[in-house]
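In my numbering, the protein residues as written are 1 to 839.
We put the CB at the ideal spot given by N, CA and C, even for glycine.
Please read all numbers here as calculations on a predicted model, not as lab measurements.
Right, here's the structure in full:
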């Protein structure tokens, strides 16, 4: 029996490949993930350490009192110490903005920067800056400014002597030797000291001498520190790949379902052969063992091919990237992982083939008398499967209701998402397995809805819908995998859209424009506002505002809330800002804001127990103004305000007319437009004291990039399941073409053209995607909403119609394309040959 089955598989390698194609893809993905993780970790370890390779010893730690400047001098006098560099950084406020001043020698093996223009500082008050910092702050070599930082409270001059290149340029970085930094900032302590041992000197001897010089300070080797830094980065990579592993596991489950479906088709095509084997004495157990062995062979071949393909790409891709200048490390030889993946492919395939093998082994020997070699597939499901599926569905509903009951209340201050997320995942898993069990019963009603337009197109449409409806178990097996992928992707789309709305709302509050100019504790000179408003070529809009911090809310003689000094209040004109449309409200409407009508942040509303429509009194310095609450925001107010008022209300409270800050947008786009806006505002500020400039657009860009990255990574991961689903549709269509050779020949004989046959089979393939996408969206939208709520991030719920519609269309197109090649093959068979075939 075993020889019979293996020889049959060897005679038809195409069928073997089609049967194991999903496992091949899954093996490729799983082993490719192992290689990608190792490539990433090795690249991080090799390139992302912040400690120079020449560092032999690192002295100091955040767990003990810091080293002093005197300690640094003592370390430098220790015999055998070739160089000792103190690492310390301090923030510096300058008239033009902010600098992060860091200590670095600027030359030698312990430096982390490279001078590209001018010279490196060597005197107190001298600094070198990065190229982006020079552009943002309008500083060049030879320019002089002044600032305060460290222990220095009075402004002191700073002269730019050079421009340096670094591994990262945040746009506010400055460098100088440690002696220059500590002298200018009047620092007495440093964070750590990097030591290079003189050539020919024992590192251990130097360690002992340094220990004697600075007792109580931990001393680690440079290798140890670099390894710790690399391990910390690699640990983050490992955490990411735990999430990746979850999605890969889902893709493997999808592959198993696809393989189960394809084996059912293959065994159905060979029912006459199996019946003949039964007729000549083969027992059911013998058939099961033989068919299981065939599945194991399929899994072995698919696993080996998938692993070899992933290994070839895993070694080739880093080499190609290195030729383009990217520092990417190659993976090691993962022999044990490769063997594990192959064994896993065999095990999964064997598990997937068991149910079809048991079903096929029940064939009656009388089936050998049939003229066809195939048997019609069962259309219904057994009572046990029906009951089991209904129980799973009920469990999914109950777990979903439990999730809803655990969601945070609008005013809940503490919330742990662990339990709701656990319940949600459980509900989703139960719903998926219920779908697997009840899928054949769901195919027909779903097909009746999605197939109605096709039936109106004529005979081809009706035959396509009939072809799917005639084999509901097969359609369900493939469509369930498509539904799983669509559910995951739609959840990601909804979550990503909600997260983007949340990020837009937060940015509209904390960074509503590209720039902010504000006075540090006073008011802006009128000339600053005038000059900024006149810079039309560089600035698109200028919105000045007033801000006070001691406004209280009263009702009669009683003060509301528990804040003693009052709430931060501003009169920012929201109608002048382009981001106002990104704001949403918890109560009321922003359009109602005006004279005598205020907007409250959520925390002020909670603290004072006020709601939209309530009347209250603003009080400040003995003056009172009666107002009404027009709206309550779901979070903070613009620029972290607790109360947003009309300018006339601040006037009535006696607030001076001078502005305390202004917001502005760049007229141009990109980095050039942003730099032009910075320069225009710097010119507007001129020599005004205590006036700072902040580039809010940088923060907005970082948030947008983070959200986009999260959405694309999540979308790519769940796309693995969709890939498996599309492969399953293609293999199912290809195998069904073999099963329906006589049907295709009969249709051709009665006049159906090759184009018509190709169209019919391609539409059938697309219908798998249409059924799966419909079920996936029905599940994905509510689960996506629940996931957003369960995270407790207060993101607004949204259903992005266009992306979801695009997802639906894309899945239908992909699954239809998967059936193009099998349909072409079927259309090329001669009607005479097809009618003479056995099935």
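Whose CA, out of the options, lies closest to the CA of residue i?
{"i": "residue 479", "options": "424, 593, 390, 725", "result": "725"}
{"i": "residue 510", "options": "542, 439, 697, 420", "result": "697"}
{"i": "residue 202", "options": "57, 329, 636, 186", "result": "57"}
{"i": "residue 503", "options": "284, 635, 465, 558", "result": "635"}
{"i": "residue 467", "options": "484, 485, 444, 486", "result": "444"}
{"i": "residue 330", "options": "336, 337, 322", "result": "322"}
{"i": "residue 310", "options": "810, 746, 33, 650", "result": "33"}
{"i": "residue 217", "options": "227, 190, 229", "result": "190"}
{"i": "residue 279", "options": "752, 362, 354", "result": "362"}
{"i": "residue 707", "options": "440, 69, 500, 36", "result": "500"}
{"i": "residue 82", "options": "90, 71, 103, 54", "result": "54"}
{"i": "residue 36", "options": "316, 398, 22, 579", "result": "316"}
{"i": "residue 761", "options": "821, 800, 806", "result": "821"}
{"i": "residue 141", "options": "158, 151, 152, 150", "result": "158"}
{"i": "residue 177", "options": "87, 439, 498, 441", "result": "87"}
{"i": "residue 790", "options": "360, 264, 406", "result": "406"}
{"i": "residue 727", "options": "496, 705, 259, 793", "result": "259"}
{"i": "residue 497", "options": "804, 810, 22", "result": "804"}
{"i": "residue 520", "options": "264, 690, 383", "result": "690"}
{"i": "residue 681", "options": "59, 628, 580, 536", "result": "536"}
{"i": "residue 262", "options": "285, 31, 287, 354", "result": "354"}
{"i": "residue 439", "options": "469, 473, 547", "result": "473"}
Note down, in chain order, each residue of its chain lying with its Cβ closer than 7 Å to the Cβ of residue i, except the 5 sequence neighbours on either side.
{"i": "residue 587", "result": "611, 612, 631, 632"}
{"i": "residue 376", "result": "Note that residue 376 has pLDDT 49, beneath the 50 cutoff, so the model's placement of it is unreliable and no number is given."}
{"i": "residue 723", "result": "25"}
{"i": "residue 124", "result": "180, 183, 184"}
{"i": "residue 721", "result": "250, 251, 254, 484, 485, 488"}
{"i": "residue 812", "result": "766, 769, 770, 773"}
{"i": "residue 402", "result": "423"}
{"i": "residue 824", "result": "758"}
{"i": "residue 688", "result": "525, 528"}
How many whole angstroms separate the CB atoms of residue i and residue j, which I take to be in contact at a CB cut-off of 8 Å?
{"i": "residue 715", "j": "residue 492", "result": "5 Å"}
{"i": "residue 576", "j": "residue 531", "result": "No, residue 576 and residue 531 are not in contact; Cβ-Cβ is about 18 Å, not under 8 Å."}
{"i": "residue 489", "j": "residue 551", "result": "That belief does not hold up - the Cβ atoms of residue 489 and residue 551 are roughly 48 Å apart, past 8 Å."}
{"i": "residue 110", "j": "residue 186", "result": "Residue 110 to residue 186, Cβ: 24 Å. No contact."}
{"i": "residue 99", "j": "residue 154", "result": "Rounded, the Cβ-Cβ distance is 17 Å, inconsistent with contact."}
{"i": "residue 830", "j": "residue 758", "result": "With a Cβ gap of about 15 Å, residue 830 and residue 758 do not count as contacting."}
{"i": "residue 67", "j": "residue 193", "result": "6 Å"}
{"i": "residue 267", "j": "residue 408", "result": "Not confirmed; about 51 Å, so no contact."}
{"i": "residue 147", "j": "residue 92", "result": "5 Å"}
{"i": "residue 571", "j": "residue 513", "result": "That belief does not hold up - the Cβ atoms of residue 571 and residue 513 are roughly 16 Å apart, past 8 Å."}
{"i": "residue 434", "j": "residue 393", "result": "4 Å"}
{"i": "residue 538", "j": "residue 667", "result": "6 Å"}
{"i": "residue 427", "j": "residue 396", "result": "5 Å"}
{"i": "residue 75", "j": "residue 84", "result": "5 Å"}
Within a Cβ cutoff of 6 Å, which residues of the same chain sit near residue i, ignoring the five residues on either side of it in sequence?
{"i": "residue 700", "result": "507, 511"}
{"i": "residue 385", "result": "437"}
{"i": "residue 523", "result": "658, 660"}
{"i": "residue 768", "result": "478, 479, 729, 815"}
{"i": "residue 624", "result": "617"}
{"i": "residue 143", "result": "160"}
{"i": "residue 171", "result": "132, 133, 136"}
{"i": "residue 568", "result": "549, 641, 642"}
{"i": "residue 544", "result": "529, 659, 662"}
{"i": "residue 559", "result": "552"}
Does any C-beta atom of chain C lie closer than 8 Å to the C-beta of residue i?
{"i": "residue 484", "result": "The displayed structure is made up of one protein chain only, and chain C is not part of it."}
Looking at residue i and the ligand SAM, is the gap between the Cβ and the nearest heavy atom below 7 Å?
{"i": "residue 143", "result": "Ligands are entirely absent from the displayed structure, and the ligand SAM is therefore not among its contents."}
Can you name, in chain order, every residue of its own chain whose Cβ lies under 8 Å from the Cβ of residue i, other than the five neighbours on each side?
{"i": "residue 449", "result": "774"}
{"i": "residue 219", "result": "57, 58, 59, 207, 210, 211"}
Unbroken stretches of the beta strand (DSSP E), 3 residues or longer, contained in the stretch 118–159 = Complete beta strand (DSSP E) runs here, min 3: 126–129, 144–149.
Three CB pairs or more closer than 8 Å across the stretch 109–127 and the stretch 642–660 | Segments in contact, no.
Would you mind listing the alpha helix (DSSP H) stretches within the stretch 180–226 that are 4+ residues and don't spill past its ends, in chain order?
-> Entirely contained in the stretch 180–226, the alpha helix (DSSP H) runs reaching 4 residues are, in chain order, 203–213.
Do three or more CB pairs link the stretch 669–687 to the stretch 597–608 at distances below 8 Å?
-> These segments do not touch.
Would you call the stretch 125–143 and the stretch 155–162 touching, i.e. three or more CB-CB distances under 8 Å?
-> A contact between stretches requires three or more CB pairs, one per stretch, nearer than 8 Å, and the stretch 125–143 meets this requirement with the stretch 155–162.
Return the chain-ordered ranges of every alpha helix (DSSP H) run that is complete within the stretch 311–361 and spans a minimum of 4 residues.
-> Counting only runs of 4 or more residues that sit fully inside the stretch 311–361, the alpha helix (DSSP H) segments are 335–361, in chain order.
For the stretch 296–304 and the stretch 340–354, state whether three or more C-beta atom pairs, one from each stretch, are separated by less than 8 Å.
-> Yes, the stretch 296–304 touches the stretch 340–354.
Which residue spans inside the stretch 524–589 form an unbroken beta strand (DSSP E) run of at least 3?
-> Within the stretch 524–589, the beta strand (DSSP E) runs of at least 3 residues that lie entirely inside it are, in chain order, 539–545, 547–555, 567–570.
Alpha helix (DSSP H) runs wholly inside the stretch 591–672, at least 4 long, in chain order = The stretch 591–672 contains these whole alpha helix (DSSP H) runs: 602–608, 647–652.
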